[in-house]
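Since the structure comes first, as C-alpha coordinates, the remarks are kept for the end.
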Amino acid sequence: VLALASHPTPDPNTLTGRLTRAEAQRMESDPYRPLLDKALRESYYPGSTFKIVAALSALEEHLVDPNVRIPCHGRYELGRHVFRCMKSHGPVNMHEAMAQSCNVYFYHLAEKVGLERMAQMASAFGFGEKLDLGLGEASGFMPTLEYYKKNGGFRGGYALNTAIGQGAVRASVLQLALAYAALGNGGKLYQPLLVERIEKPSGEVVDPSLWPAQPRLRGAIPVSADSLERMRRALVDVLADPKGTAASAYSPGLAIYDIAGKSGTAQVRKNRRGEASGWDTGNDHAWFVGFAPSRQAKIAVAVLIEHGGLGGHVAAPTAIDIIRGYFEEVAPEQRPRQYISTGAAAPSALKTTLPASAGPQ
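Throughout the sequence shown, residue numbering follows our numbering, covering 30 to 390 in sequence.
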(Lines of atoms letter the chains of each structure in order from A and count residues from 1; the text may use other names and numbers.)
(Lines give C-alpha, C1' and ligand atoms only; values in the text may rest on other atoms or scores of the structure.)
Protein backbone atom coordinates (compact mmCIF):
# COMPACT_ATOMS: atom_id res chain seq x y z
CA VAL A 1 0.00 0.00 0.00
CA LEU A 2 1.68 3.21 -1.19
CA ALA A 3 -0.87 5.63 0.24
CA LEU A 4 -4.06 5.39 2.26
CA ALA A 5 -6.03 8.55 2.91
CA SER A 6 -9.37 9.61 4.33
CA HIS A 7 -10.44 13.26 4.19
CA PRO A 8 -11.16 15.19 6.28
CA THR A 9 -9.24 13.99 9.32
CA PRO A 10 -8.91 15.49 12.80
CA ASP A 11 -5.71 17.10 13.97
CA PRO A 12 -3.93 14.31 15.93
CA ASN A 13 -2.68 16.92 18.39
CA THR A 14 -6.23 17.53 19.60
CA LEU A 15 -6.66 13.83 20.42
CA THR A 16 -3.70 13.53 22.80
CA GLY A 17 -5.33 14.39 26.10
CA ARG A 18 -6.29 17.98 25.26
CA LEU A 19 -9.58 17.25 23.55
CA THR A 20 -12.38 19.36 25.00
CA ARG A 21 -15.92 18.07 25.30
CA ALA A 22 -17.12 20.74 22.89
CA GLU A 23 -14.53 19.76 20.28
CA ALA A 24 -15.38 16.06 20.70
CA GLN A 25 -19.09 16.78 20.18
CA ARG A 26 -18.31 18.92 17.14
CA MET A 27 -16.31 16.13 15.47
CA GLU A 28 -18.89 13.49 16.36
CA SER A 29 -21.67 15.54 14.77
CA ASP A 30 -19.63 16.62 11.73
CA PRO A 31 -21.43 15.25 8.60
CA TYR A 32 -18.03 14.64 6.99
CA ARG A 33 -17.27 12.10 9.77
CA PRO A 34 -13.60 13.02 10.33
CA LEU A 35 -13.16 10.42 13.10
CA LEU A 36 -13.84 7.54 10.68
CA ASP A 37 -11.13 6.19 8.42
CA LYS A 38 -13.33 5.83 5.37
CA ALA A 39 -10.68 4.06 3.29
CA LEU A 40 -10.63 1.12 5.71
CA ARG A 41 -13.48 1.14 8.18
CA GLU A 42 -16.48 1.99 6.04
CA SER A 43 -18.15 0.11 3.20
CA TYR A 44 -20.18 1.55 0.34
CA TYR A 45 -22.27 0.55 -2.63
CA PRO A 46 -19.55 0.03 -5.27
CA GLY A 47 -21.87 1.01 -8.12
CA SER A 48 -20.63 0.37 -11.64
CA THR A 49 -17.09 -0.43 -10.50
CA PHE A 50 -18.61 -3.81 -9.54
CA LYS A 51 -19.69 -4.59 -13.13
CA ILE A 52 -16.43 -6.46 -13.68
CA VAL A 53 -17.87 -9.24 -11.49
CA ALA A 54 -20.98 -9.78 -13.61
CA ALA A 55 -19.03 -9.47 -16.88
CA LEU A 56 -16.31 -11.94 -15.92
CA SER A 57 -18.89 -14.38 -14.50
CA ALA A 58 -20.72 -14.38 -17.84
CA LEU A 59 -17.53 -14.75 -19.88
CA GLU A 60 -16.12 -17.63 -17.85
CA GLU A 61 -19.39 -19.57 -17.95
CA HIS A 62 -19.81 -18.83 -21.69
CA LEU A 63 -23.30 -17.53 -21.02
CA VAL A 64 -23.15 -14.67 -23.50
CA ASP A 65 -21.52 -13.78 -26.77
CA PRO A 66 -19.71 -10.56 -25.81
CA ASN A 67 -19.92 -9.30 -29.38
CA VAL A 68 -23.73 -9.43 -29.55
CA ARG A 69 -25.38 -6.05 -29.08
CA ILE A 70 -28.34 -5.56 -26.77
CA PRO A 71 -30.59 -2.51 -27.25
CA CYS A 72 -30.78 -0.01 -24.40
CA HIS A 73 -33.80 2.29 -24.29
CA GLY A 74 -32.94 3.65 -20.87
CA ARG A 75 -35.12 1.18 -18.94
CA TYR A 76 -35.56 -2.52 -18.26
CA GLU A 77 -38.81 -4.08 -17.10
CA LEU A 78 -38.96 -7.12 -14.86
CA GLY A 79 -42.50 -7.92 -13.86
CA ARG A 80 -44.04 -4.72 -12.58
CA HIS A 81 -40.70 -3.18 -11.71
CA VAL A 82 -38.75 -0.80 -13.92
CA PHE A 83 -34.96 -0.70 -13.64
CA ARG A 84 -33.39 2.36 -15.18
CA CYS A 85 -30.23 3.33 -16.98
CA MET A 86 -28.58 6.74 -16.95
CA LYS A 87 -29.64 7.26 -20.59
CA SER A 88 -30.63 5.40 -23.76
CA HIS A 89 -27.41 3.97 -25.12
CA GLY A 90 -28.90 2.19 -28.13
CA PRO A 91 -27.46 -1.22 -29.11
CA VAL A 92 -24.29 -2.06 -27.14
CA ASN A 93 -22.06 -5.11 -26.79
CA MET A 94 -20.13 -6.00 -23.65
CA HIS A 95 -17.16 -3.78 -24.46
CA GLU A 96 -19.35 -0.77 -25.17
CA ALA A 97 -21.58 -1.46 -22.18
CA MET A 98 -18.56 -1.49 -19.87
CA ALA A 99 -16.98 1.64 -21.34
CA GLN A 100 -20.28 3.55 -21.41
CA SER A 101 -21.60 1.92 -18.20
CA CYS A 102 -24.91 0.79 -19.65
CA ASN A 103 -27.05 -0.63 -16.83
CA VAL A 104 -29.58 -2.21 -19.19
CA TYR A 105 -26.92 -4.46 -20.71
CA PHE A 106 -25.96 -5.65 -17.22
CA TYR A 107 -29.59 -6.23 -16.24
CA HIS A 108 -29.82 -8.65 -19.16
CA LEU A 109 -26.52 -10.16 -18.10
CA ALA A 110 -27.69 -10.64 -14.51
CA GLU A 111 -30.70 -12.70 -15.58
CA LYS A 112 -28.39 -15.09 -17.43
CA VAL A 113 -25.61 -15.23 -14.86
CA GLY A 114 -27.66 -15.37 -11.68
CA LEU A 115 -26.79 -14.27 -8.18
CA GLU A 116 -24.79 -17.31 -7.09
CA ARG A 117 -22.28 -17.12 -9.95
CA MET A 118 -21.73 -13.44 -9.20
CA ALA A 119 -21.29 -14.23 -5.51
CA GLN A 120 -18.63 -16.83 -6.31
CA MET A 121 -16.72 -14.45 -8.56
CA ALA A 122 -17.01 -11.65 -6.00
CA SER A 123 -15.58 -13.94 -3.32
CA ALA A 124 -12.60 -14.72 -5.56
CA PHE A 125 -11.93 -10.97 -5.76
CA GLY A 126 -12.08 -10.70 -1.97
CA PHE A 127 -15.40 -8.87 -1.68
CA GLY A 128 -17.28 -9.58 1.53
CA GLU A 129 -14.17 -10.82 3.32
CA LYS A 130 -12.00 -9.21 6.00
CA LEU A 131 -8.38 -8.47 5.25
CA ASP A 132 -7.16 -9.19 8.80
CA LEU A 133 -4.94 -6.12 8.93
CA GLY A 134 -5.78 -5.54 12.59
CA LEU A 135 -7.07 -2.03 11.90
CA GLY A 136 -10.79 -2.70 12.24
CA GLU A 137 -11.30 -2.69 8.49
CA ALA A 138 -14.75 -3.23 7.03
CA SER A 139 -15.45 -6.55 5.34
CA GLY A 140 -18.20 -5.25 3.08
CA PHE A 141 -20.96 -7.63 2.04
CA MET A 142 -21.81 -9.85 -0.90
CA PRO A 143 -25.37 -11.27 -0.79
CA THR A 144 -26.12 -14.89 -1.71
CA LEU A 145 -29.30 -16.86 -2.29
CA GLU A 146 -28.94 -18.28 1.21
CA TYR A 147 -28.82 -14.78 2.66
CA TYR A 148 -32.03 -13.77 0.90
CA LYS A 149 -33.79 -16.98 1.89
CA LYS A 150 -33.12 -16.12 5.52
CA ASN A 151 -34.16 -12.51 5.06
CA GLY A 152 -37.55 -12.44 3.40
CA GLY A 153 -36.93 -14.47 0.25
CA PHE A 154 -35.20 -13.92 -3.08
CA ARG A 155 -36.59 -11.85 -5.95
CA GLY A 156 -35.19 -11.57 -9.46
CA GLY A 157 -34.59 -7.87 -9.11
CA TYR A 158 -31.98 -8.53 -6.43
CA ALA A 159 -29.66 -10.10 -9.00
CA LEU A 160 -30.15 -7.12 -11.32
CA ASN A 161 -29.19 -4.67 -8.60
CA THR A 162 -26.20 -6.80 -7.64
CA ALA A 163 -24.83 -6.74 -11.19
CA ILE A 164 -24.54 -2.94 -11.07
CA GLY A 165 -23.13 -2.81 -7.53
CA GLN A 166 -26.31 -1.72 -5.78
CA GLY A 167 -28.88 -3.52 -3.62
CA ALA A 168 -27.16 -5.27 -0.72
CA VAL A 169 -23.62 -5.19 -2.14
CA ARG A 170 -21.07 -3.30 -0.06
CA ALA A 171 -17.32 -2.89 -0.53
CA SER A 172 -14.52 -0.88 1.04
CA VAL A 173 -12.23 1.46 -0.86
CA LEU A 174 -9.24 -0.80 -0.16
CA GLN A 175 -11.11 -3.90 -1.35
CA LEU A 176 -11.81 -2.25 -4.70
CA ALA A 177 -8.19 -1.15 -5.06
CA LEU A 178 -7.05 -4.74 -4.43
CA ALA A 179 -9.60 -6.16 -6.87
CA TYR A 180 -8.49 -3.88 -9.69
CA ALA A 181 -4.85 -4.54 -8.83
CA ALA A 182 -5.65 -8.21 -9.47
CA LEU A 183 -7.12 -7.29 -12.85
CA GLY A 184 -3.99 -5.34 -13.69
CA ASN A 185 -1.44 -7.97 -12.62
CA GLY A 186 -2.95 -10.89 -14.50
CA GLY A 187 -5.38 -12.26 -11.93
CA LYS A 188 -3.46 -12.52 -8.64
CA LEU A 189 -5.14 -11.29 -5.46
CA TYR A 190 -2.64 -10.31 -2.79
CA GLN A 191 -2.82 -9.55 0.91
CA PRO A 192 -1.94 -5.87 1.31
CA LEU A 193 1.30 -4.96 3.07
CA LEU A 194 1.33 -1.81 5.19
CA VAL A 195 4.97 -1.82 6.37
CA GLU A 196 7.81 -1.38 3.89
CA ARG A 197 10.58 -1.67 6.49
CA ILE A 198 11.38 -0.76 10.11
CA GLU A 199 14.23 1.64 10.78
CA LYS A 200 16.11 2.75 13.88
CA PRO A 201 16.48 6.50 14.56
CA SER A 202 19.87 6.25 12.85
CA GLY A 203 18.25 5.01 9.66
CA GLU A 204 19.58 1.49 10.08
CA VAL A 205 17.06 -1.14 9.03
CA VAL A 206 15.92 -3.45 11.81
CA ASP A 207 16.53 -7.09 10.84
CA PRO A 208 17.35 -6.48 7.15
CA SER A 209 16.65 -10.13 6.33
CA LEU A 210 12.91 -9.46 6.73
CA TRP A 211 12.76 -6.57 4.27
CA PRO A 212 11.41 -6.02 1.81
CA ALA A 213 8.54 -8.15 3.02
CA GLN A 214 7.23 -10.61 0.48
CA PRO A 215 3.58 -10.22 -0.51
CA ARG A 216 1.31 -13.10 0.35
CA LEU A 217 -0.93 -14.45 -2.38
CA ARG A 218 -4.53 -14.77 -1.22
CA GLY A 219 -5.73 -16.51 -4.36
CA ALA A 220 -5.99 -16.47 -8.14
CA ILE A 221 -9.01 -15.02 -9.91
CA PRO A 222 -10.64 -17.91 -11.85
CA VAL A 223 -10.66 -16.17 -15.22
CA SER A 224 -8.86 -16.84 -18.46
CA ALA A 225 -6.25 -14.60 -20.03
CA ASP A 226 -8.72 -13.90 -22.86
CA SER A 227 -11.33 -12.63 -20.40
CA LEU A 228 -8.80 -10.43 -18.62
CA GLU A 229 -7.69 -8.98 -21.95
CA ARG A 230 -11.28 -8.25 -22.89
CA MET A 231 -11.78 -6.41 -19.60
CA ARG A 232 -8.52 -4.52 -20.02
CA ARG A 233 -9.52 -3.17 -23.42
CA ALA A 234 -12.95 -2.13 -22.17
CA LEU A 235 -11.53 -0.39 -19.10
CA VAL A 236 -9.07 1.54 -21.26
CA ASP A 237 -11.99 2.86 -23.30
CA VAL A 238 -13.78 4.11 -20.17
CA LEU A 239 -11.34 7.02 -20.53
CA ALA A 240 -9.99 6.83 -24.08
CA ASP A 241 -13.27 6.40 -25.98
CA PRO A 242 -15.18 9.67 -26.49
CA LYS A 243 -18.32 7.86 -25.31
CA GLY A 244 -16.61 6.48 -22.18
CA THR A 245 -17.98 7.60 -18.84
CA ALA A 246 -14.65 9.19 -17.83
CA ALA A 247 -13.87 10.71 -21.24
CA SER A 248 -14.30 14.23 -19.85
CA ALA A 249 -11.29 13.60 -17.56
CA TYR A 250 -9.13 12.33 -20.43
CA SER A 251 -6.75 14.22 -22.66
CA PRO A 252 -4.35 13.02 -25.40
CA GLY A 253 -1.40 13.60 -23.06
CA LEU A 254 -2.69 10.91 -20.71
CA ALA A 255 -2.08 8.24 -23.35
CA ILE A 256 1.52 7.97 -22.08
CA TYR A 257 0.26 6.49 -18.81
CA ASP A 258 -2.04 3.93 -20.49
CA ILE A 259 -4.71 4.06 -17.77
CA ALA A 260 -7.47 1.47 -17.45
CA GLY A 261 -10.30 1.97 -15.00
CA LYS A 262 -13.99 2.13 -14.23
CA SER A 263 -16.07 4.98 -12.98
CA GLY A 264 -19.02 4.44 -10.70
CA THR A 265 -21.95 6.59 -9.64
CA ALA A 266 -23.44 4.76 -6.67
CA GLN A 267 -26.97 5.70 -5.69
CA VAL A 268 -27.46 6.17 -1.97
CA ARG A 269 -31.13 7.10 -2.10
CA LYS A 270 -33.63 8.54 -4.56
CA ASN A 271 -31.72 11.65 -5.36
CA ARG A 272 -30.66 14.22 -7.90
CA ARG A 273 -27.81 12.14 -9.36
CA GLY A 274 -25.16 14.81 -8.96
CA GLU A 275 -27.17 17.80 -10.13
CA ALA A 276 -26.16 19.82 -7.07
CA SER A 277 -22.65 21.25 -7.14
CA GLY A 278 -20.14 20.41 -4.41
CA TRP A 279 -20.88 18.15 -1.48
CA ASP A 280 -24.58 17.44 -1.09
CA THR A 281 -26.13 14.42 0.63
CA GLY A 282 -28.66 14.29 -2.20
CA ASN A 283 -25.85 13.41 -4.63
CA ASP A 284 -24.63 9.92 -5.49
CA HIS A 285 -21.23 8.69 -4.37
CA ALA A 286 -18.54 9.20 -7.02
CA TRP A 287 -16.08 6.36 -7.71
CA PHE A 288 -13.13 5.76 -9.96
CA VAL A 289 -10.99 2.62 -9.66
CA GLY A 290 -8.22 1.73 -12.06
CA PHE A 291 -4.63 0.76 -12.77
CA ALA A 292 -1.74 1.82 -14.98
CA PRO A 293 -0.24 0.91 -17.31
CA SER A 294 -3.06 -1.24 -18.58
CA ARG A 295 -0.51 -3.98 -19.37
CA GLN A 296 1.80 -5.12 -16.56
CA ALA A 297 0.33 -2.57 -14.17
CA LYS A 298 2.56 -0.84 -11.63
CA ILE A 299 -0.08 0.99 -9.59
CA ALA A 300 -3.76 0.58 -8.77
CA VAL A 301 -5.88 3.43 -7.42
CA ALA A 302 -9.35 3.65 -5.87
CA VAL A 303 -10.98 7.04 -5.30
CA LEU A 304 -14.33 7.62 -3.62
CA ILE A 305 -15.85 11.05 -3.12
CA GLU A 306 -18.90 10.76 -0.89
CA HIS A 307 -21.95 12.45 -2.41
CA GLY A 308 -19.72 13.89 -5.12
CA GLY A 309 -21.99 13.07 -8.05
CA LEU A 310 -20.89 11.47 -11.31
CA GLY A 311 -17.83 9.29 -10.87
CA GLY A 312 -16.38 9.91 -14.31
CA HIS A 313 -16.58 13.67 -13.83
CA VAL A 314 -15.67 13.98 -10.15
CA ALA A 315 -13.56 11.01 -8.98
CA ALA A 316 -11.69 10.21 -12.22
CA PRO A 317 -9.68 13.49 -12.30
CA THR A 318 -8.39 12.84 -8.77
CA ALA A 319 -7.39 9.26 -9.65
CA ILE A 320 -5.62 10.50 -12.79
CA ASP A 321 -3.70 13.09 -10.76
CA ILE A 322 -2.55 10.35 -8.37
CA ILE A 323 -1.38 8.13 -11.24
CA ARG A 324 0.36 11.03 -12.95
CA GLY A 325 2.07 12.01 -9.70
CA TYR A 326 3.24 8.44 -9.14
CA PHE A 327 4.93 8.12 -12.53
CA GLU A 328 6.36 11.64 -12.51
CA GLU A 329 7.32 12.14 -8.85
CA VAL A 330 7.54 8.79 -7.06
CA ALA A 331 8.66 6.18 -9.60
CA PRO A 332 9.59 7.75 -12.95
CA GLU A 333 11.60 4.63 -13.74
CA GLN A 334 8.30 2.73 -13.93
CA ARG A 335 6.76 4.93 -16.60
CA PRO A 336 5.39 2.89 -19.49
CA ARG A 337 8.24 1.98 -21.84
CA GLN A 338 6.80 3.67 -24.92
CA TYR A 339 6.86 6.96 -23.00
CA ILE A 340 10.49 6.60 -21.90
CA SER A 341 11.60 5.81 -25.44
CA THR A 342 10.09 8.96 -26.92
CA GLY A 343 12.38 11.34 -25.09
CA ALA A 344 9.46 13.74 -24.74
CA ALA A 345 9.49 16.27 -21.94
CA ALA A 346 7.58 14.98 -18.96
CA PRO A 347 4.46 16.97 -18.11
CA SER A 348 4.63 18.50 -14.66
CA ALA A 349 2.82 16.38 -12.09
CA LEU A 350 -0.34 17.94 -10.80
CA LYS A 351 -0.70 18.03 -7.05
CA THR A 352 -3.89 16.35 -5.92
CA THR A 353 -5.94 18.82 -3.91
CA LEU A 354 -9.49 18.90 -2.69
CA PRO A 355 -11.50 22.00 -3.49
CA ALA A 356 -13.31 23.55 -0.57
CA SER A 357 -16.63 22.33 -1.94
CA ALA A 358 -15.55 18.70 -2.19
CA GLY A 359 -16.82 16.17 0.29
CA PRO A 360 -15.14 13.34 2.16
CA GLN A 361 -12.87 10.98 0.29
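Even glycine gets a Cβ: it sits at the ideal position worked out from N, Cα and C.
field: Length of the line joining the Cα atoms of A200 and I193
entry: 13 Å
query: Which value, in whole angstroms, describes the spacing of the CA atoms of D236 and L207?
result: 28 Å
message: I'd like to confirm the pairing. Which residues does DSSP put opposite I349 in its beta bridges?
response: Paired residue(s): none; I349 is not in a bridge.
message: By alpha-carbon positions, which one of Y136, A126, G108 and S168 ends up nearest to E71?
response: S168
query: Counting Cβ pairs closer than 8 Å, one from the segment 213-225 and one from the segment 173-186, do we hit at least three?
result: no
Contiguous alpha helix (DSSP H) assignments of at least 4 residues, all confined to the segment 215-287: 254-269
query: Residues in its own chain within less than 8 Å of E145 by CB, not counting five upstream and five downstream?
result: T173 and L174
query: In chain order, which beta strand (DSSP E) runs of at least 3 residues are fully inside the segment 31-104?
result: 99-101
field: Neighbourhood of Y279 by C-beta distance below 7 Å, restricted to the same chain and skipping five residues each side
entry: L268 and A269
- prompt: For S323, does the three-state DSSP call read helix, strand or coil?
  reply: coil
task: Please go through the same chain and pick out, in chain order, the residues whose beta-carbon is closer than 6 Å to the beta-carbon of A263, but skip the five residues on each side of it.
output: H124, M127 and A128
- prompt: Grouping DSSP H, G and I as helix and E and B as strand, with all else coil, what is V318?
  reply: strand
message: Helix, strand or coil for F135? Go by DSSP, reduced to three states.
response: helix
- request: For my contact list, L143 and A151 are in at a C-beta cut-off of 8 Å; report their separation, rounded to the angstrom.
  value: Residue identity check: residue 143 is Gly in the sequence provided, not Leu. Contact doesn't hold; Cβ gap of about 13 Å is too wide.
- prompt: Per DSSP, H110 forms a beta bridge with which residues?
  reply: L107
task: Can you say whether A51 is buried or exposed, counting buried as having 16 or more other CB atoms within 10 angstroms of its CB?
output: exposed
- prompt: Which first and last residues belong to the beta strand (DSSP E) in which S130 is found?
  reply: Neither: S130 is in no beta strand (DSSP E) and is coded neither H nor E.
message: Suppose the cutoff is 6 Å on Cβ atoms and the five residues either side in sequence are ignored; what does the same chain contact list for R245 look like?
response: Q220
- request: Please look up how many angstroms separate the CB atoms of G290 and G319, rounded, as I've assumed it's under 8 Å.
  value: 2 Å
task: Check whether the Cβ atoms of L333 and Y73 lie closer than 8 Å to each other.
output: yes
field: Best match in R55, E357 and R113 for proximity to L189 [C-alpha to C-alpha]
entry: R113
task: Using a threshold of 8 Å, state whether the C-beta atoms of G213 and A326 are closer than that.
output: yes
- prompt: Taking Cβ to Cβ, would you say G46 is nearer than 8 Å to H110?
  reply: no
task: Would you mind sorting T78 into buried or exposed? The rule is 16 or more other CB atoms within 10 Å of its CB.
output: buried
message: Check this for me: beta carbons of Y286 and I351, under 8 Å apart or not?
response: no
message: I'd like to know whether the C-beta atoms of I349 and L283 end up nearer to each other than 8 Å.
response: yes
message: Excluding the 5 residues flanking Y368 on each side, which residues of the same chain have their C-beta closer than 6 Å to its C-beta?
response: With a pLDDT of only 49 at Y368, under 50, the local geometry of the prediction cannot be trusted, and no value is derived from it.
message: Beta-carbon within less than 6 Å of Y136's beta-carbon, same chain only, minus the 5 sequence neighbours each way: which residues are those?
response: Y105, F112 and L189
query: What is the rounded straight-line gap between the Cα of G273 and the Cα of P95?
result: 18 Å
query: Near P39, what residues of its chain come up, given a Cβ to Cβ distance below 7 Å and the 5 sequence neighbours on each side ignored?
result: M56, P63 and L64
- prompt: Buried or exposed: where does K67 fall if 16 or more other Cβ atoms within 10 Å of its Cβ makes it buried?
  reply: buried
query: Closest by CA to W205, which one among S277, L164, E233 and K80?
result: At residue 205 the sequence reads Leu, which differs from the Trp that was named. For L205, the nearest C-alpha among the options comes from K80.
- prompt: Who pairs with P120 in a beta bridge, going by DSSP?
  reply: P100
field: Where the beta strand (DSSP E) containing K291 begins and where it ends
entry: A289 to A295
- prompt: Taking just the CA atoms, how far does Q54 sit from P41?
  reply: 16 Å
- request: Label E394 either buried or exposed according to how many other C-beta atoms from any shown protein chain fall within 10 Å of its C-beta, with 16 as the threshold for buried.
  value: An answer regarding residue 394 cannot be provided, because it is not within the stretch 30 to 390 covered by the chain.
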